[in-house]
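Shown next, in structure tokens, is the structure this report addresses.
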Amino acid sequence: MSDIQEQIQREREAARQVCSTEGDTSGECAAAWDTVEELSAEAAHQKQKAPKKNSFEQYCEDNPDALECRVYED
Numbered sequence: 044m045s046d047i048q049e050q051i052q053r054e055r056e057a058a059r060q061v062c063s064t065e066g067d068t069s070g071e072c073a074a075a076w077d078t079v080e081e082l083s084a085e086a087a088h089q090k091q092k093a094p095k096k097n098s099f100e101q102y103c104e105d106n107p108d109a110l111e112c113r114v115y116e117d
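Under this note's numbering, think of the first position of the sequence shown as 44, with each following residue one higher.
In structure tokens, the structure reads:
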């Protein structure tokens, strides 16, 4: 996830640079900020998609044969 955050930061800096040279109302400036917005939306989507596991779930994932992690079906 940190890779996308770094990419967002790079694109944000690039957008500021483009807007300062081309003007705040230029198409290039708008396109640069659209890129930042799309990356931010993707980061938010990835965050929602992967729910965090609690410590017990993580333990069972790491130790599937542990007695505590056995699943019995009726």
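Ideal Cβ placement from N, Cα and C applies to all residues, glycine included. These numbers come from a predicted model, not from an experiment.
In the DSSP assignment, the alpha helix (DSSP H) including residue i goes from what residue to what residue?
| i | result |
| --- | --- |
| Lys92 | 70-92 |
| Asp105 | 98-105 |
| Ala58 | 45-65 |
On a CA-only basis, which of the options is nearest residue i? Give me that one, please.
| i | options | result |
| --- | --- | --- |
| Thr76 | Ile51, Ile47, Gln89 | The sequence shown places Trp at residue 76, not Thr. Comparing Cα positions, the closest option is Ile51. |
| Gln60 | Ile47, Leu110, Ala74, Glu49 | Ala74 |
| Ala100 | Ala58, Glu65, Val114, His88 | Here residue 100 turns out to be Glu, not Ala, going by the sequence shown. That would be Val114, whose Cα lies nearest to the Cα of Glu100. |
| Ser45 | Cys112, Cys62, Gln89, Thr78 | Gln89 |
Could you round the C-beta distance between residue i and residue j to whole angstroms and report it? I think they count as a contact, below 8 Å.
| i | j | result |
| --- | --- | --- |
| Ala86 | Ile47 | 5 Å |
Touching by the beta-carbon criterion (3+ pairs, under 8 Å), the region 67-81 and the region 95-104: At 8 Å Cβ cutoff, the stretches do not touch.
Given 8 Å, three or more beta-carbon pairs between the region 79-90 and the region 50-64: yes
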